[in-house]
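Notes to accompany the following structure.
2 protein chains.
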Amino acid sequence: MSQPDLAEKPRLPLSRERVLRAALELADEQGIDALTMRSLGRELGVEAMSLYNHVANKEAVLDGLVEVVMGEVLEAVDDVRLSSPAEWKPVTRRRILAAREVMLRHRWAPKVLESRTEIPAVLMRYLDGLLGLMLQGEFSADLAHHAMHAFGSRGLGFTQELFEEDTEMPAETVGMMAEQMAGEYPNLGEMLKVVTHDADTTLGWCDDQFEFEFGLDLILDGLERLRDAQRLT
Amino acid sequence: MSQPDLAEKPRLPLSRERVLRAALELADEQGIDALTMRSLGRELGVEAMSLYNHVANKEAVLDGLVEVVMGEVLEAVDDVRLSSPAEWKPVTRRRILAAREVMLRHRWAPKVLESRTEIPAVLMRYLDGLLGLMLQGEFSADLAHHAMHAFGSRGLGFTQELFEEDTEMPAETVGMMAEQMAGEYPNLGEMLKVVTHDADTTLGWCDDQFEFEFGLDLILDGLERLRDAQRLT
DNA sequence: ACCTGAACACCGTTCAAGT
DNA sequence: ACCTGAACACCGTTCAAGT
Numbered sequence: 001m002s003q004p005d006l007a008e009k010p011r012l013p014l015s016r017e018r019v020l021r022a023a024l025e026l027a028d029e030q031g032i033d034a035l036t037m038r039s040l041g042r043e044l045g046v047e048a049m050s051l052y053n054h055v056a057n058k059e060a061v062l063d064g065l066v067e068v069v070m071g072e073v074l075e076a077v078d079d080v081r082l083s084s085p086a087e088w089k090p091v092t093r094r095r096i097l098a099a100r101e102v103m104l105r106h107r108w109a110p111k112v113l114e115s116r117t118e119i120p121a122v123l124m125r126y127l128d129g130l131l132g133l134m135l136q137g138e139f140s141a142d143l144a145h146h147a148m149h150a151f152g153s154r155g156l157g158f159t160q161e162l163f164e165e166d167t168e169m170p171a172e173t174v175g176m177m178a179e180q181m182a183g184e185y186p187n188l189g190e191m192l193k194v195v196t197h198d199a200d201t202t203l204g205w206c207d208d209q210f211e212f213e214f215g216l217d218l219i220l221d222g223l224e225r226l227r228d229a230q231r232l233t
Numbered sequence: 001m002s003q004p005d006l007a008e009k010p011r012l013p014l015s016r017e018r019v020l021r022a023a024l025e026l027a028d029e030q031g032i033d034a035l036t037m038r039s040l041g042r043e044l045g046v047e048a049m050s051l052y053n054h055v056a057n058k059e060a061v062l063d064g065l066v067e068v069v070m071g072e073v074l075e076a077v078d079d080v081r082l083s084s085p086a087e088w089k090p091v092t093r094r095r096i097l098a099a100r101e102v103m104l105r106h107r108w109a110p111k112v113l114e115s116r117t118e119i120p121a122v123l124m125r126y127l128d129g130l131l132g133l134m135l136q137g138e139f140s141a142d143l144a145h146h147a148m149h150a151f152g153s154r155g156l157g158f159t160q161e162l163f164e165e166d167t168e169m170p171a172e173t174v175g176m177m178a179e180q181m182a183g184e185y186p187n188l189g190e191m192l193k194v195v196t197h198d199a200d201t202t203l204g205w206c207d208d209q210f211e212f213e214f215g216l217d218l219i220l221d222g223l224e225r226l227r228d229a230q231r232l233t
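Those sequence lines, one after another, are chains A and B. Count the first sequence with this note's numbering and you get residues 1 to 233, in order. Count the second sequence with this note's numbering and you get residues 1 to 233, in order.
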């Protein structure tokens, strides 16, 4: 057919934008390991090699994903000015939990973020905003600096997960596990026994969101105390 | 030569032990990315495929590395019994800093640990020990549970590094960077200016060990406070 | 029982060739 | 200017063949 392809799909041209959008979708739906240049090409109905016309290489794709995700974070937290220093704690708390919601939508994001060799500019922007809250909250520059380190990845809404989020289990099952475990791991066994027997205790087994907020509040409270101590001197 | 190889090196036979020792050395010296089945074979003067007679696959090698590293950690921290509950804080602190020393000797360890899909038994053993200290310190099972989550990877002596440890810089250089940065990142710029001008402030620029201990103490202090509050009820 | 060589199915990426 | 096909240099791993 020498006719111009009237019947064919418009097949909008490739672009960095489209490549990144496809990459995001792929990572969200199939995980970051499923994202290869070849699979990404397939998703776009194109050979893998065509992608190199729009992105330098795979690292550039990952950099782009970080930009997109951090963009979502920055959008979710754009309230910056405190009307009073006292607002520091609740505002910071809200901001970090908002960042966390974005991270939970893109579970691969922490891993990709961690794999960057240069600090992405979007991350700098976010950290600058977080630091701004501390300065407005009347932290000294020095204490604010330490605070940023103390937050670590928690400031972005995630923690290093030492073990995968387990599937939900009925309290009974956990109780049985406790029995089994008690032999090799006496303290874990004992803890599990108590935690699962008290009904009024934190529900069932590890609730990641609860634990995240627990750790976050521990740090926020500690920092506030240090700030107040520093003010008196 | 039909003679038996008297002159050749004894060439002690391969074994899981030897494979792991070579892997450890390779990872320590050249980084974890340089550890491939082929490079590991080369190190041992053998084809990559021979390794499969002694380890199931590459994942098994990484599992083995975790065992070795956590073994070093467990060795470094075998003091367990507290003579009094009050000892909880200093002993826990020492234990975690001892674990950190091992991690600093094997910089790839956090990444490998994080990549395990099952919780390694050696890790469980370590966590059980840490939990034991908390229980001896008269934490309730529930609070001890939350505390373990709050520690996260810090309990093992490392934090998620959002940016690589920069090379040491003279204070002047940092000062210049601050000027440059102030445009795009006003809060970071301001912080840097102050931090680098105060001579009596925390030395120079980010001291990782200092920041780690700062964050650790923040958590330990917070936990102790919660424990004492819980005791009164 | 252990080691090897060739091969397979995947990567990311280069490059000359097509349109 | 953009896309493609063949190819290269790497992975981890399988398997039949050697000793």
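Just so it is clear, CB atoms sit at the ideal spot from N, CA and C, and this is done for glycine as well.
{"Query": "DSSP three-state label for asparagine 53(B), please.", "Result": "helix"}
{"Query": "For chain A, is any of its Cβ atoms less than 9 angstroms away from the one on asparagine 187(B)?", "Result": "yes"}
{"Query": "Spatial neighbours of alanine 182(B) within its chain, please: C-beta separation below 6 angstroms, excluding the five flanking residues on both sides.", "Result": "Gly189"}
{"Query": "Output yes if chain B places a C-beta closer than 9 angstroms to the C-beta of proline 110(A); else output no.", "Result": "yes"}
{"Query": "Can you check whether the CB of valine 61(A) is closer than 9 angstroms to the CB of alanine 23(A)?", "Result": "yes"}
{"Query": "Do we get a CB-CB distance below 9 angstroms when we pair glycine 31(A) with the residues of chain B?", "Result": "no"}
{"Query": "Cβ of threonine 233(A) less than 9 angstroms from any chain B Cβ?", "Result": "no"}
{"Query": "Mind checking the stretch 55-84 of chain B against chain A and listing, in chain order, the residues whose C-beta falls within less than 7 angstroms of any C-beta there?", "Result": "none"}
{"Query": "Determine the direct distance from the alpha carbon of glycine 64(A) to that of glutamate 118(A), and round the result to whole angstroms.", "Result": "13 angstroms"}
{"Query": "Mapping DSSP to helix, strand and coil, what is isoleucine 119(A)?", "Result": "coil"}
{"Query": "Quick one, which of Glu211(B), Pro13(B), Leu104(B) and Lys89(B) has its alpha-carbon nearest leucine 156(B)'s?", "Result": "Leu104(B)"}
{"Query": "Given that a residue counts as buried once 16 or more other Cβ atoms are within 10 Å of its Cβ, and exposed if not, what is proline 90(B)?", "Result": "exposed"}
{"Query": "Leaving out five residues on either side along the sequence, give the residues of the same chain with a beta carbon under 7 angstroms from the beta carbon of leucine 226(B).", "Result": "Leu143"}
{"Query": "Are the C-beta of leucine 131(B) and some C-beta of chain A separated by less than 9 angstroms?", "Result": "yes"}
{"Query": "Starting from the C-beta of glutamate 213(A), find all residues in its chain whose C-beta is less than 6 angstroms away, skip the five residues before and the five after it, and write them out in chain order.", "Result": "none"}
{"Query": "How far does the alpha helix (DSSP H) with isoleucine 96(A) in it reach, from first residue to last?", "Result": "88-105"}
{"Query": "For the 8 angstroms Cβ check, are there 3 or more pairs between the stretch 121-140 of chain A and the stretch 40-51 of chain A?", "Result": "no"}
{"Query": "Tell me whether leucine 62(A), by its Cβ, gets closer than 8 angstroms to a heavy atom of the ligand COA.", "Result": "Absent from the structure shown: the ligand COA. Ligands present: none."}
{"Query": "Return the Cβ separation of serine 153(A) and glutamine 180(B) in integer angstroms, given the expectation that the two are a contact with Cβ distance under 8 angstroms.", "Result": "The pair is not a contact, with the Cβ atoms about 26 angstroms apart (cut-off 8 angstroms)."}
{"Query": "Step through the CB atoms of chain A and report whether any lies within less than 9 angstroms of the CB of glycine 215(B).", "Result": "yes"}
{"Query": "Mapping DSSP to helix, strand and coil, what is valine 61(B)?", "Result": "helix"}
{"Query": "Do you know offhand how far glutamine 209(B)'s Cα is from valine 122(B)'s?", "Result": "25 angstroms"}
{"Query": "Specify the secondary structure class of proline 4(B) as computed by DSSP and reduced to three states.", "Result": "Per-residue confidence for proline 4(B) stands at a pLDDT of 37, beneath the threshold of 50, marking its modelled position as unreliable; the derived number appears in the next sentence. Of the three classes helix, strand and coil, the one that applies to proline 4(B) here is coil, per DSSP."}
{"Query": "Between threonine 159(A) and chain B, is the shortest Cβ-Cβ distance under 9 angstroms, so that the two count as touching?", "Result": "yes"}
{"Query": "Sorted by chain position, which residues of the same chain lie with C-beta nearer than 6 angstroms to tryptophan 108(B)'s C-beta, five sequence neighbours on each side aside?", "Result": "Ala27 and Ile32"}
{"Query": "To which residues of the same chain is arginine 21(B) closer than 6 angstroms at the C-beta, ignoring the five residues directly before and after it?", "Result": "none"}
{"Query": "Say whether chain A places a C-beta atom closer than 9 angstroms to the C-beta of glycine 222(B).", "Result": "yes"}
{"Query": "Going by DSSP in three states, valine 279(A) sits in which element: helix, strand or coil?", "Result": "The requested residue 279(A) does not occur in the structure, where chain A is confined to residues 1 to 233."}
{"Query": "If I follow the unbroken alpha helix (DSSP H) through valine 46(A), where does it start and stop?", "Result": "Premise fails: valine 46(A) is in no alpha helix (DSSP H) and is neither H nor E."}
{"Query": "Report yes or no: is there a C-beta of chain A within less than 9 angstroms of the C-beta of methionine 191(B)?", "Result": "yes"}
{"Query": "May I have the straight-line CA-CA distance separating aspartate 217(B) from arginine 93(B), to the nearest angstrom?", "Result": "8 angstroms"}
{"Query": "Report yes if the CB atom of glycine 137(A) is closer than 9 angstroms to the CB atom of glutamate 87(A), and no otherwise.", "Result": "yes"}
{"Query": "Along chain A, in chain order, which residues have C-beta atoms closer than 9 angstroms to that of isoleucine 219(B)?", "Result": "Ala150, Gly215, Leu218, Ile219 and Gly222"}
{"Query": "Any idea what DSSP makes of serine 153(B), helix, strand or coil?", "Result": "helix"}
{"Query": "Rounded to whole angstroms, what's the CA-CA distance from aspartate 221(B) to glycine 222(A)? Just pull it up for me.", "Result": "8 angstroms"}
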